[in-house]
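Q: Numbering (the working numbering), first residue to last: 1 to 82.
Every residue, glycine too, gets a C-beta built ideally from N, C-alpha and C.
Note that the coordinates shown come from a computational prediction; the quantities given were computed from them, not determined experimentally.
Supplied in structure tokens, the structure appears directly below.
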Amino acid sequence: MINCPICDAAIDVEEDELDEGDPLICEECGANLTVASVDPVELVADEASANDDEDEDFDDFDEEEEDAEEEDAEEEEEEDWR
Ligand SMILES: [Zn+2]
1 MINCPICDAA IDVEEDELDE GDPLICEECG ANLTVASVDP VELVADEASA
51 NDDEDEDFDD FDEEEEDAEE EDAEEEEEED WR
């Protein structure tokens, strides 16, 4: 039995049929995995897919910060006009 390195779920594949470099997808967490070695079987998470989550978090944070700054600037302008 092979387990996902991300969520530790059992992945339903035949170890005998794996080749080094084979791509796999964990059905539990959707991680893109690559067979790093076959003896013993070792899976590694695809770095690109792992980084996607981090990038999304950073994007959300940046957007919130920018929105807050823009609102402050608009309020100041309105006060100047009055
Ligand atoms: Zn998983």
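Are cysteine 4 and alanine 36 closer than 8 Å when you measure CB to CB?
A: Walking along the sequence shown from the start, residue 4 turns up at place 4. Walking along the sequence shown from the start, residue 36 turns up at place 36. No. Outside cutoff.
Q: Just to check, is the beta-carbon of alanine 9 closer than 7 Å to a non-hydrogen atom of ligand 1?
A: Here residue 9 refers to the residue found at position 9 when the sequence shown is read from its first residue. Yes.
Q: Where does the unbroken beta strand (DSSP E) through glutamate 42 begin, and where does it stop?
A: Translated into the one-based positions of the sequence shown, residue 42 becomes position 42. Taken as a continuous stretch (DSSP letters only), the beta strand (DSSP E) holding glutamate 42 covers 41 to 45.
Q: Is isoleucine 6 near ligand 1, judged by its Cβ being under 7 Å from some heavy atom?
A: On the sequence shown, residue 6 is found 6 positions in, with the first residue counted as 1. At least one heavy atom of ligand 1 is nearer than 7 Å to the Cβ of isoleucine 6, so yes.
Q: Counting C-beta neighbours from all protein chains within 10 Å, is the total for cysteine 26 16 or more, i.e. buried, or is it exposed?
A: The residue you call residue 26 lines up with position 26 of the sequence shown. The residue in question, cysteine 26, is buried, as its Cβ has 16 or more Cβ neighbours within 10 Å.
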